[in-house]
Amino acid sequence: MERELTCIVCPIGCALKVEINDGKVTGVTGNTCPRGKVYAETECTAPMRTVTSTVRCENGEIIPVKTDRPIPKEKVFEAMQIIKSTHPVLPIKLGDVIIKDVFGSNIIAVKNSDR
Ligand code: SF4
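Reading the sequence shown from the start, the letters are residues 649 to 763 in the working numbering.
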């Protein structure tokens, strides 16, 4: 089976063709660097995603957050539910851990609170 992907590792966005046999990646073409091959192999076997979202603090202020490393793609919806149900207390600084260990990643603040 052949699968076509766009590499999302860098802005070039190479068009990849991935050959899959018995659930294993047996060939990748179209990548112009080794990172594309790694991306294709991961995407076709255990896809991962970085999640970006916002949390509403106890005082109503909205703070942007993200995972500090990618999590399994099938866990993104559950991670979003956890983030939405969390209401941290200010003050918050850039890089503070807002929620620990959400499917192997911490949810961190990507902005200082204004207050
Ligand atoms: S294969 Fe390499 S050059 Fe092409 S989009 Fe992916 S990371 Fe960028």
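Every residue gets a Cβ at the ideal spot worked out from N, C-alpha and C, and that includes glycine.
On a predicted model such as this, the values are computed, not experimentally measured, just so you know.
Ignore the nearest five residues each way along the sequence and tell me which others in T693's own chain have a CB closer than 7 Å to its CB.
-> Along the sequence shown, read from residue 1 onward, the residue named residue 693 stands at position 45. Taken in chain order, the residues that qualify are V673.
Indicate whether the contact test is met: 3 or more Cβ pairs, each with one atom in the region 673-689 and one in the region 708-716, closer than 8 Å.
-> The region 673-689 and the region 708-716 do not touch, with fewer than 3 CB-CB distances between them shorter than 8 Å.
In the region 677-759, which residue ranges form an unbroken beta strand (DSSP E) of at least 3 residues, counting only runs that do not cross its ends?
-> You should have 700-704, 710-715, 745-750 and 753-757.
K721 to I755, Cα distance in whole Å?
-> Numbered from 1 along the sequence shown, position 73 holds the residue referred to as residue 721. Numbered from 1 along the sequence shown, position 107 holds the residue referred to as residue 755. Going from the Cα of K721 to the Cα of I755 covers about 16 Å.
Rounded C-beta distance between A688 and V699? I'm assuming under 8 Å.
-> One-based indexing of the sequence shown puts residue 688 at position 40. One-based indexing of the sequence shown puts residue 699 at position 51. Contact between A688 and V699 does not hold, since the beta-carbon distance rounds to 21 Å and is not under 8 Å.
Among P718, L653, G671 and A757, which one has its Cα closest to the Cα of V745?
-> Residue mapping note: residue 745 aligns to position 97 of the sequence shown, counting from 1. Of the candidates P718, L653, G671 and A757, the one whose C-alpha sits nearest the C-alpha of V745 is A757.
Verify the contact flag: V657, CB atom, against every heavy atom of the ligand SF4, threshold strictly below 7 Å.
-> The residue given as residue 657 occupies position 9 in the sequence shown. The nearest non-hydrogen atom of the ligand SF4 is less than 7 Å from the C-beta of V657.
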